[in-house]
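From first to last, the protein sequence lines are chains A and B. UniProt numbering puts the first residue of the first sequence at 1, with every later residue one more than the last. UniProt numbering puts the first residue of the second sequence at 1, with every later residue one more than the last. Structure first, commentary second.
Number of protein chains: 2
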Amino acid sequence: MARVSLDTINPKVLKCEYAVRGEIVTLAQAVQEELKSKPGSRPFDEILYCNIGNPQSLGQQPITFFREVLALCDHPSILDKSETRGLFSADAIERARQILDQIPGRATGAYSHSQGIKGLRDAIAAGIEARDGFPADPNDIFLTDGASPAVHMMMQLLIRSEKDGILCPIPQYPLYSASIALHGGTLVPYYLDEATGWGLEVSELKKQWADAKSKGITPRALVVINPGNPTGQVLAENNQKEIVDFCKKEGLVLLADEVYQENVYVPEKKFHSFKKVARSMGYGEKDISVVSFQSVSKGYYGECGKRGGYMEVTGFGPEIREQIYKLASVNLCSNISGQILASLVMSPPKVGDESYESYSAEKDGILSSLKRRAKTLEDAFNKLDGVTCNKAEGAMYLFPCIRLSEKAIKAAEAAKTTPDNFYCRCLLNATGIVFVPGSGFRQVPGTWHFRCTILPQEDKIPAVVSRLTEFHKSFMEEFRE
Amino acid sequence: MARVSLDTINPKVLKCEYAVRGEIVTLAQAVQEELKSKPGSRPFDEILYCNIGNPQSLGQQPITFFREVLALCDHPSILDKSETRGLFSADAIERARQILDQIPGRATGAYSHSQGIKGLRDAIAAGIEARDGFPADPNDIFLTDGASPAVHMMMQLLIRSEKDGILCPIPQYPLYSASIALHGGTLVPYYLDEATGWGLEVSELKKQWADAKSKGITPRALVVINPGNPTGQVLAENNQKEIVDFCKKEGLVLLADEVYQENVYVPEKKFHSFKKVARSMGYGEKDISVVSFQSVSKGYYGECGKRGGYMEVTGFGPEIREQIYKLASVNLCSNISGQILASLVMSPPKVGDESYESYSAEKDGILSSLKRRAKTLEDAFNKLDGVTCNKAEGAMYLFPCIRLSEKAIKAAEAAKTTPDNFYCRCLLNATGIVFVPGSGFRQVPGTWHFRCTILPQEDKIPAVVSRLTEFHKSFMEEFRE
């Protein structure tokens, strides 16, 4: 008796896809099990996961100061013990005390206000002000279990039916397509221009907006991912201004995915938040709705497992804010460790604090290493026959384009899969390297890509490059026409 | 320019209500601010929050062993320091090491498997086996940020449209009505019988099931909350068997909210998981779909702020499991501290462990105090004129019935609110005590209730009782006909 079957579940769930943890990853896990049970069965002895922005899973160490504060907040009864001073830095102890003082009853085990603990939101707002040079209101901050639930919340708020459209970059981070599918809306694609380094052209936005309207779709919001995922570009401020003007003119909510704000690797580019850009143009609360998403999972901290993040919600009336609050309250609150961490990443140690030097050294070490790894991989991709790769300006990814022969495309067809998936499968089987096929992010039809993170530790990068280069050569050889 | 207005947001969001953090709580927060800025402005000097099952916000202390392990997992670099042995119990250090060994790369800052870390799921499955005496499979466990997201996930999976019905107890915990509304389904109410101690009659289930069918609604699942929220009853095993048979016969998914499994206060009742009951009847995977929800927020641990929990999903085919996994993977994973804590509550210290005695003393202290508080409040309610209150067998709530005069009902009408809300508002304004009006949980039309948690610390209970008693007397006096 089939009580629940694929025919009787929510078709929106069926429709939703999430490639970052999709087929290739499942296959990789199977190969990993095989390596455990039959060592030596493959020409490699470990899986190199380049599929997901999960730095600590690949050996990146957490920032010591942040972990000290978290540990002390988890077990405050050691704060006054003498041994604690031998184990923790003085400013971590001090910061933990300050944070505990901001929590009603010092109860880190209690549900907080559904937007997050007020004192932590104060710290985050102050951090945003320091970053942007424009005021930020703690009442605009909604702390969430990472950025993903915040994105879902906004999609849930805005999407009424498949007649509501969300403008999304293509390629995009599949959270967006998945979330739009789950909430039953329509993804209105706008294509980033690979030829100009994944440029975001406002003419393309206008074209796709008009095209959607002509099909009876109401565009409600525009998603911009800056720095880009999977594409790694950093938007120029002038470009951001055009985007802001477009959203203002068309009454679109600007959903700004800014989780890679600390990940910029080229001196000629700088991160500017969309709220700052809008404010610098003289646009205030009444002119444009901007939601900025931030996460503790990225940057130099990479604390994915802590599930911390926030959204800064501006330009909505109080009656809409109340509805967002209600959505937040149905899940009660986000986890308090994640809340604390979100406040720490927005207010890290300052010059003069005991931890400042070690904190700075850890931070700079991680960011400069990411920069070197990005460059090495970018160069390696560009050396591969038939592969071109844009500059890694920011974020944690490269999204190279690969031109595949008709023979390879036919082989993929025979294997009942897409050519990019076929390439990634072969790569995994031959080398243990895990990339995500471009189709998971969508791409210009007829073009093929894959996403590779820059996260393997530096001592593994040469192995990635040499295994990949060798595999690629033999793959191209095999499928040469 | 109204870019986003109440007319243009998702009407399902508008429809959703969540009383536990609703009007009365907002009012309470305003009164609290008033007390801060104008001390002495009210006849009381603090707000007594009895609205939400949030033990640590009212002074309950966390279990030391759990917090020790969490702190060590947050900052593993202190594990080998000599000072650590002075600050932490030996078994907490040992447990933290074991847990870290189960985490790939010991990386508590990495995204985990989307169902949660395998080693922690092993511990949870072992805990379920020890509790039930029937096998549990770690692959059936999905770790989540508290029970609420797990409930949403199942609703999202099952509900296709308003033609899909979810059988829910009335009164119910408003997560269910909110979640059904957000996912666009229909709540099919079945009424608990207040006269028999909130009895769950299968005849009532059958009646409501048939009634829904006659209206063109397809019942998909049955929600049972055991021990009951807000009603505090504990189901008898025979009753559970009837419920299981009903679900099996009608092909309903049994959604078993078992988050209060440790909160049973009367010797004549015992918690039995629905999966255990189904297995004890000889029903296996192929016979019935049962989902059991558990949380770190309740029990004697009360770790609401950690957002940990799991669902044990049984009786679905692999193709449906894959869809549930996909839903989990869209949010990547639940927070690792919450995952660790979920494994700890299902595998606490055992006899012989260094922490066992202190752990036991803390646990028993909390549970026996909750039992005393429940009894004191139950007795106090039953002494109030026009109020009757069922026995507090379990969970953390009492849900007394109050008979209000026509005059009070008219006064509520004049104040543009429901009579139960009116009573709770007056109570808050006069005493600072926060109850949730019964309408937030739904109730038999024409009857009025409120929910009161048993969580104020024992030294505050006399104040709750005397303030309430005094208020109630004058309220009934004022509105006597």
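Here a beta-carbon is modelled for each residue, glycine too, at the ideal position from N, C-alpha and C. Computed from a prediction, not measured in an experiment: that's the story for all the values here.
Item: If we call anything under 7 Å between Cβ atoms a contact, is A/Arg220 one with A/Asp164?; Value: yes
Item: Can you give me the C-alpha to C-alpha distance between B/Arg372 and B/Asp379, rounded to a whole angstrom?; Value: 11 Å
Item: Taking the C-alpha atoms as reference points, what is the distance between B/Phe142 and B/Ser474?; Value: 51 Å
Item: Please classify B/Lys416 as buried or exposed, where buried requires at least 16 neighbouring CB atoms within 10 angstroms.; Value: exposed
Item: Can you tell me where the alpha helix (DSSP H) with A/Gln98 in it begins and where it stops?; Value: 90-102
Item: Between which two residues does the beta strand (DSSP E) containing B/Gly165 stretch?; Value: 164-170
Item: Just how far apart, CA to CA, sit residue 482 of chain A and B/Gln156?; Value: In the structure displayed, chain A extends from 1 to 481; residue 482 of chain A sits before or after that span and is not available.
Item: Can you look up B/Ile336 in the DSSP assignment and give me helix, strand or coil?; Value: helix
Item: Quick one: give me the first and last residue of the alpha helix (DSSP H) that B/Ser474 is part of.; Value: 461-478
Item: Grouping DSSP H, G and I as helix and E and B as strand, with all else coil, what is A/Thr218?; Value: strand
Item: Over what stretch of residues does the beta strand (DSSP E) that includes B/Ala256 continue unbroken?; Value: 253-257
Item: Per DSSP, B/Arg451 forms a beta bridge with which residues?; Value: B/Val436
Item: Would A/Ser41 pass as a contact of A/Glu34 if the rule is Cβ separation under 7 Å?; Value: yes
Item: Over the uninterrupted alpha helix (DSSP H) stretch that includes A/Pro189, give me the two end residues.; Value: That residue, A/Pro189, is in no alpha helix (DSSP H); its beta strand (DSSP E) goes 186-191.
Item: What do you reckon, are the CB atoms on B/Ile288 and B/Gly315 nearer than 7 Å?; Value: yes
Item: Could you tell me which chain A residues have their CB closer than 7 Å to the CB of B/Thr108, listed as they occur along the chain?; Value: Gly305
Item: Please name the residue, chosen from A/Leu255, A/Ile93, A/Ala430, that lies closest to A/Ser292 on a Cα-to-Cα basis.; Value: A/Leu255
Item: For a test of the three-state rule: what should DSSP assign to A/Thr108, helix, strand or coil?; Value: coil
Item: Which runs of the alpha helix (DSSP H) spanning at least 4 residues fall entirely within the segment 355-386 of chain B, listed in chain order?; Value: 356-383
Item: Could you tell me the boundaries of the beta strand (DSSP E) in which A/Met311 lies?; Value: 309-314
Item: Just checking: is the beta-carbon of B/Glu362 within a distance shorter than 7 Å of some beta-carbon in chain A?; Value: no
Item: Taking the Cβ atom as the reference point for each residue, do B/Phe450 and B/Cys426 lie within a distance shorter than 7 Å?; Value: no
Item: Against A/Thr84, what residues of chain B qualify as contacts under a CB-to-CB distance less than 7 Å, listed in chain order?; Value: Leu87
Item: My understanding is that B/Cys50 touches B/Val464, with C-beta atoms under 8 Å, so please give their C-beta distance in whole angstroms.; Value: 7 Å
Item: If I measure Cβ to Cβ from A/Cys333 and keep anything under 6 Å in the same chain, skipping five residues before and after, which residues do I get?; Value: Tyr111, Ser112, Ser114
Item: For B/Val296 versus B/Lys306, is the C-beta distance shorter than 7 Å?; Value: yes
Item: So for B/Cys401, helix, strand or coil by DSSP?; Value: strand
Item: Are the C-beta of B/Asp91 and some C-beta of chain A separated by less than 7 Å?; Value: no
Item: Under 7 Å between beta-carbons, which chain A residues line up against B/Gln56? List them in chain order, please.; Value: Ala107, Gly109, Ala110
Item: Our contact map puts B/Trp448 next to B/Gly440 with C-beta atoms below 8 Å; I'd like the distance itself, whole angstroms only.; Value: Not a contact, Cβ separation roughly 12 Å.
Item: Could you check the C-alpha separation between B/Pro445 and B/Val13 for me, to the nearest Å?; Value: 25 Å
Item: Is there a Cβ from chain B that is less than 7 Å from the Cβ of A/Tyr18?; Value: yes
Item: Helix, strand or coil for B/Gly317, going by three-state DSSP, please let me know.; Value: coil
Item: Which whole-angstrom value describes the C-beta separation of residue 483 of chain B and B/Leu58, a residue pair presumed to lie in contact below a C-beta threshold of 8 Å?; Value: Lying outside 1 to 481, the shown extent of chain B, residue 483 of chain B is not represented and no answer is given.
Item: According to DSSP, simplified to helix, strand and coil, what is B/Ile159?; Value: coil
Item: Here's a check: name, in chain order, each residue in its chain whose Cβ is nearer than 7 Å to the Cβ of A/Glu204, leaving out the five neighbours to either side.; Value: Tyr190, Tyr191
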